[in-house]
Amino acid sequence: MSLNGELRPIQRYITSHDPITGKAIVIQAKPSSVDKRKDDAIRFNVPYTISSFPPDMNDDQDLKSHEHLMSSGKLGLVNPGGTVCRFVDFAPDTKQPLMHRTQSLDYGIVIEGCIDMILDSGEEYTLQRGDIAIQRGTMHAWRNSSKTDWARMVFVLHDSKELCVGGQVIGEDLGHGAVDVPPSRLS
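Numbering (full-length UniProt numbering), first residue to last: 1 to 187.
Encoded structure:
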């Protein structure tokens, strides 16, 4: 973390194979781009996605698919049929956390600071660096209660089958005043 409480930029390294020797090489090393949301209170950074599972890495098909999806501007929170790796930075003193649900199985790992996980049942838990939340299609929100420090989580979202609870299908719900992302699925 830097002196002013901001988090360091994320550097992305993508590996592949040297076509002659077959040895591992880095084919891209560059900063991962940041997308600022909600008046810079939330910052998204998507270093990689896959659009099929298992991914096809032959002829860099996975990389081409990722670059196409990112340039399309159509990535929602979830990538239907695939996965999304997303860093989310939360500004200090979050006032109104966004309650939302994705149709996905998510691993959310705190890597800097502390973050409150709030469930629609009213339950709240404070996660610290190294803690993980496994979100299974539930309504939840994240809040950074620190008055001075940013918090960072890394999420890996896996698309999931439709979820039925109590005989009702529940799907993505981006909440009121969402972070201006397109829906993950077209209805």
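No residue lacks a Cβ here, since even glycine has one placed at the ideal position from N, Cα and C.
Nearest-angstrom Cα separation, counted from residue j out to residue i
i, j, result
"ASP35", "LEU127", "24 Å"
"ARG12", "SER32", "6 Å"
"GLY122", "ALA141", "11 Å"
"TYR107", "PRO19", "34 Å"
"MET70", "MET99", "25 Å"
"GLU112", "TYR125", "16 Å"
"THR102", "ASN144", "20 Å"
"LYS38", "SER65", "28 Å"
"ILE42", "ASP120", "21 Å"
"ASP28", "TRP150", "The residue you asked about is not Asp; residue 28 is Gln in the sequence shown. C-alpha separation (whole angstroms): 28 Å."
"PRO55", "ALA24", "18 Å"
Helix, strand or coil at residue i according to DSSP, with G and I counted as helix
i, result
"GLN128", "strand"
"GLU112", "strand"
"LEU63", "helix"
"LEU174", "coil"
"SER145", "coil"
"SER71", "helix"
"ASN45", "strand"
Per-residue burial, residue i [other beta carbons within 10 Å of its own, 16 or more giving buried]
i, result
"PRO47", "buried"
"ASP62", "buried"
"ASN58", "exposed"
"SER52", "exposed"
"SER184", "buried"
"PRO80", "exposed"
Whole-angstrom C-beta distance between residue j and residue i, which should lie under 8 Å
i, j, result
"ILE158", "THR83", "Reading off the sequence, residue 158 comes out as His, not Ile. 5 Å between Cβ atoms; contact."
"LEU10", "ASN45", "Note on residue identity: the sequence assigns Ile, not Leu, to residue 10. The pair is a contact, with the Cβ atoms about 5 Å apart (cut-off 8 Å)."
Notebook entry, point to check: Are the segment 152-166 and the segment 82-90 touching, with three or more C-beta to C-beta distances below 8 Å?
Noted result: yes
Next item on the list: Answer yes if the segment 132-141 comes into contact with the segment 159-174, meaning at least three C-beta pairs across the two stretches below 8 Å, and no otherwise.
Entry: yes
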